[in-house]
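A short write-up of the structure that comes next.
Chains as they are written, first to last, in the UniProt record's numbering: chain A, 1 to 230; chain B, 1 to 230.
The following block contains the structure:
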């Protein structure tokens, strides 16, 4: 692999490959292999197959332990949000993986390097290569650096309906009354702001603001959810 | 958990739980928890969520390394065959897991204990519990005892079309000619036997027998596949 990329992986993530050929394989598309016959090159697909399962376990383990009260249904939805093509391609770009993919000329011309589906594959094959070279631990460390902080940043929030979640979680030990109250509404017509509180059995559990009542309710519900998630 | 089950796990699989409550959780259905309120019991669903990902990685890792020439598509199909409700429920029965599930009275009456879908869940939650208690290694060991030998026994064969596989694999480095030849046909009408050979570019690569020409061809193709799988 290119020395520049080795340096990036080492400096940014503390990852140094013992077997560089795994990294090569993980970043090589079939189109490149086809253009270099006789060199016995391998392309990323097999490693991607493995990386997919490695990443899924690392994410599952993390959210299982981080949210000890979260029921299976919500764990499954959260995992699906984190194991998602759009997420993967963003992560790959953030890590500058797009620059180092080896493509055939036709694919290069067709701008495959910018294609979400390819970046998604490469993200998974990178995970697979790290796992094959060094086992589970550096993969977990990488995810703690790149992926898991995004949970707190709300990165996966758009996949959730917090009001529905709150209802499910608050009622898991019996019925409760969840109500949303408009506390305030102000600002000009083209920039209206709403402030909403949510109460569970008349106890205030969260306050949210937003540019619509609906959005403010979602924010309030998300805050109220916290007590069930830790 | 019941002492008898602890003994079975130890004697049959060499597994001794440090934290017995994980095993309890893995074998308890929600219906049992509902019938014992106030005991703060947990049911298996969360652990099953984790076990699912653990098992998928163990299987992926094994077939990736065992079949270094197998392309991604076939790895994916093989994994799907091994991560399959019908397989899981058979494994669970074989390990006598069905006897030790804790069910509510209604579910017991409804014979949930014999339901494939429940046995499938319990198999996964068992894997999850072993992983949580002792990490990856004993899960891998368990799979080497219970699951992986079934690959050689042809357990997952019915999920494959060997003729299609052979075509895909034999042609991955360019076109070849695959032909099936009827070598022999004998026996009475109600117990006819067929013998077929398969050639790749006129070289015989496998011979198969069966009660129909089609089945004999599948067996021949499976034999010819071996050279690509190791």
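Just so you know, even glycine gets a beta-carbon here, dropped at the ideal spot from N, CA and C.
Source: prediction; values computed, not measured.
Entirely enclosed alpha helix (DSSP H) segments - the stretch 6-62 of chain A, minimum 4 residues
20-26 and 30-35
Can you name, in chain order, every residue of its own chain whose Cβ lies under 6 Å from the Cβ of residue 125 of chain B, other than the five neighbours on each side?
Counted from its first residue, the second chain places residue 125 of chain B at position 125. Cβ within range, chain order: 26, 44, 47, 48 and 51.
Along the beta strand (DSSP E) that carries residue 203 of chain A, what are the first and last residues, could you check?
Mapped onto the first chain, residue 203 of chain A falls at position 203. It spans 203-210 - the beta strand (DSSP E) in which residue 203 of chain A sits, taken as one unbroken run.
Along chain B, which residues have their Cβ under 7 Å away from the Cβ of residue 60 of chain A?
Position 60 of the first chain, counting from 1, holds the residue named residue 60 of chain A. Per Cβ cutoff of 7 Å: 49, 50 and 53.
Measuring alpha carbon to alpha carbon, tell me which of B/179, B/150, B/12 and B/155 ends up nearest residue 164 of chain B.
What you label residue 164 of chain B is simply residue 164 of the second chain in a count that begins at 1. That would be B/179, whose Cα lies nearest to the Cα of residue 164 of chain B.
Taking the alpha-carbon positions, what's the residue 7 of chain A to residue 98 of chain A distance?
The count along the first chain starts at 1 and reaches residue 7 of chain A at position 7. The count along the first chain starts at 1 and reaches residue 98 of chain A at position 98. So the two alpha carbons sit approximately 16 Å from each other.
Neighbouring residues, chain A, relative to residue 45 of chain B (Cβ below 8 Å)
Stepping through the second chain from its first residue, residue 45 of chain B is reached at position 45. Under the 8 Å cutoff, chain A gives 71 and 72.
Where the alpha helix (DSSP H) through residue 200 of chain A begins and ends:
Looking up residue 200 of chain A in the first chain gives position 200. No alpha helix (DSSP H) contains residue 200 of chain A, which is instead part of the beta strand (DSSP E) from 193-200.
Inspect the beta-carbon positions of residue 195 of chain A and residue 206 of chain A and report whether they are closer than 9 Å.
Here residue 195 of chain A refers to the residue found at position 195 when the first chain is read from its first residue. Here residue 206 of chain A refers to the residue found at position 206 when the first chain is read from its first residue. No.
Any idea what DSSP makes of residue 190 of chain A, helix, strand or coil?
Numbered from 1 along the first chain, position 190 holds the residue referred to as residue 190 of chain A. Helix.
Is residue 82 of chain B closer than 9 Å to residue 54 of chain B when the C-beta atoms are compared?
Walking along the second chain from the start, residue 54 of chain B turns up at place 54. Walking along the second chain from the start, residue 82 of chain B turns up at place 82. No, they are not a contact pair.
Determine contact between the stretch 11-20 of chain A and the stretch 123-143 of chain A, defined as no fewer than three beta-carbon pairs at a distance below 8 Å.
yes
List, in order along the chain, the chain A residues whose C-beta lies closer than 8 Å to that of residue 64 of chain B?
Translated into the one-based positions of the second chain, residue 64 of chain B becomes position 64. 46, 49 and 50, listed in chain order.
Quick one, which residues of the stretch 178-207 of chain B are near chain A if we go by CB-CB under 9 Å, in chain order?
none
Quick one: does residue 82 of chain B have its CB under 9 Å from some CB of chain A?
Translated into positions along the second chain, residue 82 of chain B becomes position 82. Taking Cβ atoms only, chain A never reaches closer than 9 Å to residue 82 of chain B, which makes this a no.
Keeping to the same chain, check which residues put their C-beta closer than 6 Å to that of residue 185 of chain A; ignore five residues upstream and five downstream.
As a first step, residue 185 of chain A is located in the first chain; it is residue number 185 there, counting from the start. Closer than 6 Å at Cβ, skipping near neighbours: 194.
Under the three-state reduction of DSSP, which class applies to residue 122 of chain A: helix, strand or coil?
Taking the first residue of the first chain as position 1, residue 122 of chain A is located at position 122. Three-state DSSP puts residue 122 of chain A in a helix.
Near residue 80 of chain B, what residues of its chain come up, given a Cβ to Cβ distance below 6 Å and the 5 sequence neighbours on each side ignored?
Position 80 of the second chain, counting from 1, holds the residue named residue 80 of chain B. Answer for residue 80 of chain B: no residue qualifies.
Is the Cβ-Cβ distance between residue 172 of chain A and residue 112 of chain A less than 9 Å?
As a first step, residue 172 of chain A is located in the first chain; it is residue number 172 there, counting from the start. As a first step, residue 112 of chain A is located in the first chain; it is residue number 112 there, counting from the start. Going by C-beta atoms, residue 172 of chain A is not nearer than 9 Å to residue 112 of chain A.
So is residue 22 of chain A in contact with chain B if we call contact Cβ pairs under 9 Å?
Numbered from its first residue, the first chain carries residue 22 of chain A at position 22. No, its Cβ sits nowhere closer than 9 Å to a Cβ of chain B.
I'd like the list of long-range same chain contacts for residue 35 of chain A, defined as Cβ closer than 6 Å, with 5 residues on each side in sequence excluded.
Reading the first chain from its first residue, position 35 is the one you call residue 35 of chain A. Excluding sequence neighbours, residue 35 of chain A sits near 104.
Determine the chain A residues that contact residue 41 of chain B at a beta-carbon separation under 9 Å, and present them in chain order.
Residue 41 of chain B sits at position 41 when you count from the first residue of the second chain. Those within 9 Å of residue 41 of chain B in chain A number zero; the least Cβ separation is about 13 Å.
Whose C-alpha, out of A/42, A/69, A/61 and A/41, is nearest the C-alpha of residue 40 of chain B?
By one-based count along the second chain, residue 40 of chain B stands at place 40. The shortest Cα separation from residue 40 of chain B among A/42, A/69, A/61 and A/41 belongs to A/69.
Determine the chain A residues that contact residue 76 of chain B at a beta-carbon separation under 8 Å, and present them in chain order.
The residue given as residue 76 of chain B occupies position 76 in the second chain. Ordered by position in chain A, the residues that pass the 8 Å Cβ test against residue 76 of chain B are 49.
Under 7 Å from the C-beta of residue 56 of chain A: neighbouring residues of chain B:
What you label residue 56 of chain A is simply residue 56 of the first chain in a count that begins at 1. Correct list: 53 and 56.
Please tell me whether residue 235 of chain A and residue 151 of chain A are closer than 9 Å, where the distance is taken between their beta carbons.
Beyond the ends of chain A as shown, which are 1 and 230, falls residue 235 of chain A; an answer cannot be given.
Cutting at 6 Å between CB atoms, please list the residues of its own chain near residue 88 of chain A, excluding the five before and the five after it.
What you label residue 88 of chain A is simply residue 88 of the first chain in a count that begins at 1. Hits under 6 Å: 120 and 123.
Under 9 Å between C-beta atoms of residue 73 of chain A and residue 11 of chain A:
Here residue 73 of chain A corresponds to residue number 73 of the first chain, with the count starting at 1. Here residue 11 of chain A corresponds to residue number 11 of the first chain, with the count starting at 1. Not in contact: residue 73 of chain A and residue 11 of chain A (Cβ atoms no closer than 9 Å).
By the 10 Å Cβ neighbour count, where 16 or more other Cβ atoms means buried, how is residue 110 of chain B classified, buried or exposed?
What you label residue 110 of chain B is simply residue 110 of the second chain in a count that begins at 1. That one is exposed.
Cβ shell of residue 96 of chain A (< 7 Å), same chain only, five flanking positions each side left out:
Position 96 of the first chain holds residue 96 of chain A. Excluding residues within five positions, the ones whose Cβ falls inside 7 Å are 8.
Do residue 56 of chain A and residue 57 of chain B have their C-beta atoms closer together than 9 Å?
To locate residue 56 of chain A, count along the first chain from 1; it is residue 56. To locate residue 57 of chain B, count along the second chain from 1; it is residue 57. Yes. Within cutoff.
Would you verify that the beta carbon of residue 79 of chain B is, or is not, closer than 9 Å to some beta carbon of chain A?
To locate residue 79 of chain B, count along the second chain from 1; it is residue 79. Yes, residue 79 of chain B lies at the interface with chain A (some Cβ there is under 9 Å from its Cβ).
Range of the contiguous alpha helix (DSSP H) that encloses residue 165 of chain A
In the first chain, counting from the first residue as 1, residue 165 of chain A sits at position 165. 162-170 is the extent of the alpha helix (DSSP H) around residue 165 of chain A.
Can you name the residues that DSSP bridges to residue 184 of chain A?
Position 184 of the first chain holds residue 184 of chain A. BP columns for residue 184 of chain A point to A/195.
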